[in-house]
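Scroll down for the structure; my scribbles are underneath it.
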Amino acid sequence: MFIDLIYKGNKVFSSAFKRSESITTLLSTIKQKEDLSTAVLLIEEGDDTTALFILENKLYALYCLEADHSRPLLFSDLFKKSCQYEAQVTLYQLSPVLFKCLLVLCQSHPSLIDNPTLTDLEQLLGKIKKQEQEAILVFKENKTIQLFYFLNGNVRDTYPEKQAEKTSSCKLKEQILEAGKQNKGLHIALFDKTDISAANDHDTAEQIILRATPTRDENDTHPPPDLKSPLLDKRQDPQQPSEKVSTEIQENRNQDKKSEEPSTSKKNETFPLWVKVLDGSRAGFLIRFSQEPVSLGRGNVSVRLNDPQVSRFHAELAWGKDGLFIRDNHSTNGIFVNDEPADRKALSLHDIIRLGDVRLKVVAGS
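Numbering (the working numbering), first residue to last: 175 to 540.
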């Protein structure tokens, strides 16, 4: 079962959970102390194992893990349940890609191939490549499991990882074909439907956890996690005056440095460029710029993006001799500008940037 893949994650917390304790209080405490960008909390009680998926510090989905399959649960089931025995509670931080892969395995039905030949594998890889799919291949042999993650038709990652360094797409493809040559008892599952969804009661569960969270100390001067950006303000989108923007990053412009901008950069002579987040929980978020770069990702960055395919320090927006540009910070899934992959790209008005499944648009400032 894929629980072994969770065990290989970064264990950051483990504790015995007694019958007298409250699961809501425990979750509230963990959420305050740990980085829960993409994490799984395993609750193991006797032969029962429950996996609680946490995305961007919020409860997302809950599954009972059994020998060969998983069964969805509601958070209300967990909150009502009283442990018959002492349970072991362990928190694992996972990569965004593995986090999504595990949810896909829980939520989707695969196409199955038993004892595939080398020709079967070559045809399967060719189909994924031709259709530019996001897909997951699961190799099962006896009690071992290996995942291969595909993005835009190319194999990008494997879990568990074979080595510390990131393996190239060509090397991963060779691993897949080599497995077909050597393993006679191999079983393959292809997941080509990769949309994921939260538990039906995840919003209600989150409110229950919030009520169990102690109120903030008035003397605590540290900003809450969502306020780590330089300055936050409420404004309106200059292109859509009637639309209220929830939050905006803005930094005071350095007028002395502004006068040093090269005269050859015509795109910024008549208006500044802003970047607007179009998707996800940050939709409507407007980014203004000074001379300092603005970091994008899921970690301790200027703008946090709620998407499991976004790396912790995914990319940076900054100014250069060619004006506003974006550069990739060695992210797992890369950056795309107008659907074209890029490592560093100068940006123009109306350009569309994509990080994971989150789109951003270059707009005119005021």
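Here a beta-carbon is modelled for each residue, glycine too, at the ideal position from N, C-alpha and C.
Reduced DSSP secondary structure (H/G/I, E/B, other) of Pro270: helix
- prompt: What do you get for Lys431, buried or exposed, if any count of 16 or more other CB atoms within 10 angstroms of its CB means buried?
  reply: For Lys431, the predicted model reports a pLDDT of 39, less than 50, meaning its position is unreliable and no value from the coordinates is stated.
task: Might you give, ordered along the chain, the residues of its own chain that have their beta carbon closer than 6 Å to the beta carbon of Pro334, omitting 5 neighbours on each side?
output: Lys182
task: Kindly confirm or deny that the stretch 454 to 464 and the stretch 472 to 483 touch, where touching means at least three C-beta pairs closer than 8 Å.
output: yes
message: Between the alpha carbons of Phe487 and Cys275, how many angstroms are there, rounded?
response: Near 20 Å, if we compare the C-alpha coordinates of Cys275 and Phe487.
query: Does the beta-carbon of Gln483 have 16 or more other beta-carbons within 10 angstroms, so that it is buried, or is it exposed?
result: buried
message: In this structure, how does DSSP classify Arg472 when only helix, strand and coil are distinguished?
response: Coil at Arg472, not helix or strand.
CA nearest to the CA of Lys301, picked from His283, Asn328, Phe313: Asn328
task: Alpha carbon to alpha carbon, how far is Ile527 from Gly539? Give it in angstroms, no decimals.
output: For Gly539 and Ile527, the distance between alpha carbons rounds to 17 Å.
- request: Enumerate in chain order the residues of its own chain whose CB-to-CB distance from Arg472 is below 8 Å, with the five nearest sequence positions on each side excluded.
  value: Ser211, Thr212, Glu230, Pro270, Arg478, Leu479, Asn480, Asp481, Val484, Ser485, Arg486, His488
- prompt: Excluding five sequence neighbours on each side, which residues of the same chain lie with their C-beta closer than 8 Å to the C-beta of Asn289?
  reply: Lys358, Gly359, Leu360, His361
task: Rank Ile500, Asp178, Ala457, His283 by C-alpha distance to the C-alpha of Val468 and give the top, closest one.
output: Ile500
field: Backbone CA spacing between Trp493 and Glu466 [nearest angstrom]
entry: 8 Å
field: Beta bridge counterpart(s) of Arg533 as assigned by DSSP
entry: Arg528
message: What residue range does the beta strand (DSSP E) around Leu321 cover?
response: 318 to 325
query: Taking the alpha carbon of Asp502 as the point to measure from, which residue in Leu491, Asp496, Lys495 has its own alpha carbon closest?
result: Leu491
message: For Tyr237, which residues in the same chain have their Cβ closer than 8 Å to its Cβ, ignoring the five residues on either side in sequence?
response: Taken in chain order, the residues that qualify are Thr224, Ala225, Phe227, Ser244, Arg245, Pro246, Leu247, Cys280.
query: Is Val278 helix, strand or coil by DSSP?
result: helix
task: Pull up the distance between the alpha-carbon of Leu521 and that of Phe510, whole angstroms please.
output: 12 Å
message: If I measure Cβ to Cβ from Lys347 and keep anything under 6 Å in the same chain, skipping five residues before and after, which residues do I get?
response: Val329
- request: Given a cut-off of 8 Å, decide if Ile383 and Leu201 are closer than it, judged by their beta-carbon atoms.
  value: Result yes, Cβ atoms of Leu201 and Ile383 sit closer than 8 Å.
- prompt: Going along the chain, which residues of its own chain have a beta-carbon closer than 7 Å to the beta-carbon of Asp366, five neighbours each way excluded?
  reply: Gln307, Ala309
message: Could you tell me the alpha carbon to alpha carbon distance between Asp294 and Phe191, rounded to whole angstroms?
response: 47 Å
- prompt: Do Ala163 and Tyr234 have their CB atoms nearer than 8 Å?
  reply: Shown here, the chain extends from 175 to 540; a query on residue 163 therefore has no answer.
- request: Kindly indicate which residue of Glu380, Thr198, Thr378, Ile204 has the alpha-carbon position closest to the one of Val186.
  value: Ile204
message: Which residue marks the beginning of the beta strand (DSSP E) containing Phe253, and which one marks its end?
response: Note, Phe253: premise wrong, no beta strand (DSSP E); alpha helix (DSSP H) at 249 to 254.
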